[in-house]
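Colleague: Pasting in a structure now, in structure tokens, and then I'll have a few things to ask.
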Amino acid sequence: MGRVFRRACALPALALGALGGVLGVASLWPSHPAGQAARRLLRDALLELARRFPELPSGYVMLRTVTEDPRVFALAPLGLLLLCWALAPSRNRLPEEPSADPDSANPRSLRRLRGRAKALARRGDPLGAASLCISHGLLDEAVQHFLDAGAVERAAEVRHDQNCFLEAAELYAQAGCTDAAAALFERHGAHARAAQVYSEADNPSQAASMYEQAGELRLAAEHYEKAEFHRQAAQAYARCEEWERAAVQLERLLAEEVRGSRREGGARGAYEKLVHSCGQLFVRAGLQERAESVLADGGLFSEAAQLALAHGALERAAELFLRARDPERAADILESLGREREACRLRAEQLRDHGDPAAAAVEFERADEWLEAAELHRAVGRDERAAECYERSGFCAQAAEIFAAVGDEKRAAENFARAERYAEAAECFAGLGDAQREVEMLELGGEFLRAGEMHRAAGREPQAVAALQHVPPGHSDFVTAAARLGEIFCARGEAPLAIAKLREVLAAREIDAETVRAFCSLAAAHEVNGERRRAGLLYEKILAFDYLLEEASQGRERCRHEHSAPEAEPAAGRAAEESPRYVVEATLGRGGMGIVYRARDTRLDRVVALKVLPESLGANPRALRNLLREAKSAAQLNHPHIVTVYDAGQEQGRAYIAMEYVDGSTLREIIRKRGPIASRGILEVLGHIAQGLAYAHERKLVHLDVKTANIMWTRERSAKLMDFGLAKWQEEARNQSTVVSGTPYYMSPEQTRGECVDHRSDLYSLGVAAFEMATGSPPFTSGDIAYHHVHTAPPDPAERRQDLPAELCEIISRCLRKDPAARFQSAVEVLEALRAMG
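Going by my numbering, the first residue of the sequence shown is number 33, and it counts up by one from there.
The following block contains the structure:
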């Protein structure tokens with residue numbers, strides 16, 4: 033009995049010793065190959081134990097416990113001692129007991145056992161039959177009985193114990209133990225079958241790995257795709273030459289990269305490599321356009337351009353070469369397409385950016401970009417060529433100034449005339465001896481007195497009269513012009529007409545330095561008209577003012593013999609019953625719609641800006657009524673950034689508007705003198721004007737002619753918008769039916785088309801003015817301006833001036849959108865955008 037007990041203890045002792053050794057190796061040397069092998073062996077054993085006994089913890093939990101608890105190392109020496117004790121020879125050895133191994137049993141016993149098992153199975157106890165077979169080593173019969181009982185997993189365990197691993201794996205799979213089945217298939221090289229099991233268990237990533245090891249690349253790729261392992265799917269598709277499907281997988285991976293990273297630094301290189309691979313796969317699939325799109329979206333513009341060029345998409349190739357910063361290649365392509373102007377422009381910009389302004393200017397000329405060419409020619413000292421380019425670009429004022437500087441008076445005169453700088457044009461024509469053109473320029477420039485005198489000197493009396501009659505009341509030349517008219521009328525024998533004109537002019541005036549010549553003309557007219565006594569009296573009054581005036585002295589002598597005769601005193605020299613309200617002090621400016629003076633309001637004793645409108649307005653009652661109505665509406669506006677309208681009416685047959693006098697300059701004058709305005713200044717001006725527009729729009733008043741010439745910048749650094757609401761009557765003064773109001777360079781698309789407009793039209797014009805402040809010129813300055821406003825996208829201000837803040841460029845661009853609904857919807861929104869810039 034003792035020997036039997038010793039032998040019975042030998043097996044657990046051996047197991048304890050082996051377990052302790054394995055645990056020691058697995059725990060003490062985890063990175064050593066021997067430790068790793070021990071760990072795998074221990075893992076498989078514990079997983080099998082956990083599978084057989086579900087009430088135990090999971091195999092991985094037990095593995096972590098036994099490899100981390102130091103007490104388990106005591107199992108090795110304990111097992112060794114127990115094994116030595118069990119194998120030690122006993123002092124009382126007994127003869128060995130007969131073996132109970134079924135293999136050594138005789139066939140008759142085996143037949144009886146099989147019969148008993150079958151009998152149990154027939155009685156409905158196949159599990160009992162299987163257990164009986166197992167206890168006597170009849171494992172094949174036990175498997176069959178387990179299968180008959182539906183205990184497929186138990187049958188699989190028996191086959192596993194028999195080392196029939198593939199059959200066991202099939203039974204595990206049949207029993208739904210997919211992990212065990214797949215592990216056995218994988219361990220014993222049946223990778224394809226393992227993949228099928230993983231696939232049926234909805235584990236596509238493991239299935240894909242097994243298919244790949246089995247060489248089933250297409251199935252592997254499909255399962256990688258299902259698992260959304262796009263990189264591995266692409267590699268597998270590529271290995272089986274499914275190029276398009278491989279490219280699609282990389283395309284999806286690229287989309288994830290874009291969402292998940294900023295593609296900067298070192299990650300950028302890996303990203304570009306991925307983009308390149310994707311493009312190449314699409315190329316191999318024959319999908320050139322898809323490849324080009326992927327490369328372009330990924331920033332590989334040069335490669336995309338090469339592909340577009342290869343399949344004949346030349347315009348697209350040119351665009352991509354531009355984005356790749358290869359303007360030379362883009363220019364070559366555009367030239368081959370017959371778009372030489374664009375090609376030349378690209379070359380010009382490249383030459384300019386690389387520091388060769390002279391060559392760039394020539395290329396800009398070939399591109400018909402005359403303004404750019406002019407600026408560059410001027411920068412390198414080619415003034416005459418710069419002037420020619422300015423002339424062709426329509427910037428006639430700059431051309432005229434340069435032509436004048438280099439001594440080309442003729443071309444200077446012509447360009448000053450085109451630029452409406454008529455005084456300079458007249459001076460140039462005078463230098464050329466062209467009196468006819470000189471007098472034309474004087475008339476166009478409002479210098480009617482000088483023009484009339486020149487006509488009179490040349491013997492063209494009708495033209496002289498016409499010119500002199502254009503001098504408006506209140507003008508500093510008005511009295512002198514009247515005197516000249518009187519002289520002409522007297523010389524033509526029309527003394528009554530001269531007297532009527534001079535009395536009209538002098539009715540409210542006293543004799544002074546300005547009017548003395550006119551009073552002499554009036555006296556001479558009375559003398560010619562036979563009113564010698566009246567003439568003599570007037571001569572005496574003139575001599576009382578200026579005793580040395582020879583003309584008056586001689587006239588008095590001619591009229592002396594009738595001096596004592598009673599006669600009524602002439603009206604001239606008497607003050608009018610009512611003095612004029614506005615007294616002109618200086619001329620501020622002239623334009624097509626009138627002349628602006630600095631004047632004094634004698635009633636309220638304040639300085640005003642007096643705008644005297646053309647005489648032609650009197651012939652258009654409708655326009656005059658609209659003027660008074662608009663002026664009345666504008667007079668209701670009282671805002672620090674709007675020029676206040678004080679009064680409007682008619683005096684001596686001429687319509688006028690009296691406005692607040694602003695001591696400053698218009699933005700147009702500032703830009704012409706100094707060029708573009710600094711960003712901070714633009715923001716300040718836009719803020720002021722937007723406040724004024726918001727105030728007016730709230731009161732249902734629309735300006736319709738917002739432009740730099742209508743914005744004053746005061747000495748107190750404040751912007752003021754003037755001529756509010758006067759665009760309508762200006763157009764009616766030109767045409768009996770109002771169709772379009774405003775200035776073409778600044779008009780919104782809806783204004784240009786003659787459609788109904790609202791306050792958003794002012795915001796468009798404000799955007800044009802802001803563009804001009806930022807770049808020095810409006811967005812459209814050549815060609816059909818109206819067409820451009822309606823159809824052509826405005827240029828990006830940042831392209832013309834790179835130091836502009838992006839936020840300011842966005843504000844300008846939004847104001848310039850063609851659709852009113854796409855612009856800012858109110859001036860208040862413009863203010864909010866400006867304030868957001870800080």
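Note that beta-carbon positions come from the ideal geometry of N, C-alpha and C, so glycine has one too.
Predicted model only: the values in this text are computed from it and were never measured.
Do residue 826 and residue 811 have their C-beta atoms closer together than 7 Å?
Modeller: Yes. Within cutoff.
Colleague: How would you label residue 670, buried or exposed, when you count the other beta carbons within 10 angstroms and need 16 or more for buried?
Modeller: Answer is exposed; the Cβ neighbour count stays below 16.
Colleague: Looking only at C-alpha atoms, which of 751, 179, 479, 688 sits nearest to residue 662?
Modeller: For residue 662, the nearest C-alpha among the options comes from 688.
Colleague: With a CB to CB cut of under 7 Å and the five nearest residues on each side skipped, what residues in its chain are close to residue 724?
Modeller: Contacts found: 671, 673, 674, 753.
Colleague: Can you give me the C-alpha to C-alpha distance between residue 815 and residue 702, rounded to a whole angstrom?
Modeller: Approximately 25 Å between the Cα atoms of the pair.
Colleague: Report the rounded CA-to-CA distance for residue 766 versus residue 656, giving the unit in angstroms.
Modeller: At residue 766, the pLDDT of 43 sits below 50, so the modelled position is not reliable and the matter cannot be decided from this model.
Colleague: Looking only at C-alpha atoms, which of 722, 627, 720, 743 sits nearest to residue 875?
Modeller: The requested residue 875 is not part of the displayed model; the chain covers only 33 to 870.
Colleague: Checking 7 Å against the spacing of the C-beta atoms, do residue 363 and residue 378 come in under that value?
Modeller: The answer is yes: Cβ separation under 7 Å.
Colleague: Could you tell me the distance, in whole angstroms, from the CA atom of residue 262 to the CA atom of residue 201?
Modeller: Approximately 31 Å between the Cα atoms of the pair.
Colleague: Starting from the Cα of residue 151, find the closest Cα among 161, 142, 445 and give me that residue.
Modeller: Here the closest residue by C-alpha is 161.
Colleague: From the DSSP output, which residues share a beta bridge with residue 753?
Modeller: BP columns for residue 753 point to 674, 743.
Colleague: Looking at the structure shown, is residue 691 part of a helix, part of a strand, or coil, going by DSSP?
Modeller: Three-state DSSP puts residue 691 in a strand.
Colleague: Provide the residue span of the alpha helix (DSSP H) that contains residue 482, from first to last.
Modeller: First-last of the alpha helix (DSSP H) with residue 482: 480-489.
Colleague: Have a look at residue 446 and residue 418 and give me their C-alpha separation to the nearest angstrom.
Modeller: C-alpha separation (whole angstroms): 16 Å.
Colleague: So, using beta-carbon positions, are residue 500 and residue 516 closer together than 7 Å?
Modeller: Contact: yes.
Colleague: Who does residue 642 pair with in a DSSP beta bridge?
Modeller: Paired residue(s): 629, 690.
Colleague: Using beta-carbon positions only, say whether residue 376 and residue 398 come within less than 7 Å of one another.
Modeller: Yes, the Cβ-Cβ distance between residue 376 and residue 398 is below 7 Å.
Colleague: Just the C-alpha distance for residue 598 and residue 578, rounded to the nearest angstrom, thanks.
Modeller: Its pLDDT being 43, under 50, residue 598 is placed unreliably in this model, and the coordinates cannot settle the point.
Colleague: Between 311, 835, 317, 255, which lies nearest to residue 273 when the distance is taken from Cα to Cα?
Modeller: Answer by Cα proximity: 317.
Colleague: Using the rule of at least 16 other Cβ atoms within 10 Å of the residue's Cβ for burial, across every protein chain shown, is residue 428 buried or exposed?
Modeller: Counting Cβ neighbours within 10 Å, residue 428 comes out buried, since at least 16 surround it.
Colleague: What three-state label does DSSP hand residue 433 in the structure shown?
Modeller: If DSSP states are grouped into helix, strand and coil, residue 433 belongs with the helices.
Colleague: Are the stretch 536-551 and the stretch 573-587 touching, with three or more C-beta to C-beta distances below 8 Å?
Modeller: In short, these stretches touch, since the Cβ pair count reaches three.
Colleague: Can you give the Cα-Cα distance for residue 457 and residue 411, rounded to whole angstroms?
Modeller: In a straight line, the C-alpha of residue 457 is about 26 Å away from that of residue 411.
Colleague: Whether or not the stretch 790-809 and the stretch 775-782 are in contact is what I'm after, with contact meaning three or more pairs of Cβ atoms, one per stretch, closer than 8 Å; do they touch?
Modeller: Yes, since at least three Cβ pairs between the stretch 775-782 and the stretch 790-809 fall closer than 8 Å, the two stretches touch.
Colleague: Note the first and the last residue of the continuous alpha helix (DSSP H) segment covering residue 724.
Modeller: Residues 711-730.
Colleague: For the alpha helix (DSSP H) containing residue 12, list its first residue and its last residue.
Modeller: In the structure as shown, the chain starts at 33 and stops at 870, and residue 12 therefore has no counterpart that could be examined.
Colleague: Would you say residue 531 and residue 555 are within 7 Å of each other, going by their C-beta atoms?
Modeller: Their beta carbons are not under 7 Å apart, which means residue 531 does not touch residue 555 by this criterion.
Colleague: Quick one: any contact between the stretch 737-756 and the stretch 693-709, if contact means 3 or more CB pairs under 8 Å?
Modeller: As far as the Cβ criterion goes, the stretch 737-756 touches the stretch 693-709, which means the pair count is three or higher.
Colleague: Looking at the structure shown, is residue 836 part of a helix, part of a strand, or coil, going by DSSP?
Modeller: In the structure shown, residue 836 sits in coil (DSSP, three-state: anything other than H, G, I, E or B).
Colleague: Between the beta-carbon of residue 798 and the beta-carbon of residue 738, is there less than 7 Å?
Modeller: In this structure, residue 738 lies closer than 7 Å to residue 798 by Cβ.
Colleague: Do residue 278 and residue 270 have their CB atoms nearer than 7 Å?
Modeller: Yes, they are a contact pair.
Colleague: Pick out whichever of 519, 454, 307, 520 has its Cα sitting closest to the Cα of residue 621.
Modeller: The option with the nearest alpha carbon to residue 621 is 454.
Colleague: In three-state terms, what does DSSP make of residue 789?
Modeller: Correct three-state label for residue 789: coil.
Colleague: So, is residue 823 buried or exposed, given that buried needs 16 or more other C-beta atoms within 10 angstroms?
Modeller: With fewer than 16 other Cβ atoms within 10 Å, it is exposed.
Colleague: Give a yes or no on whether the C-beta atoms belonging to residue 268 and residue 249 are separated by under 7 Å.
Modeller: Cβ distance < 7 Å, so residue 268 and residue 249 count as in contact.
Colleague: CA-CA distance, residue 564 and residue 582?
Modeller: Those two C-alpha atoms are separated by around 18 Å.
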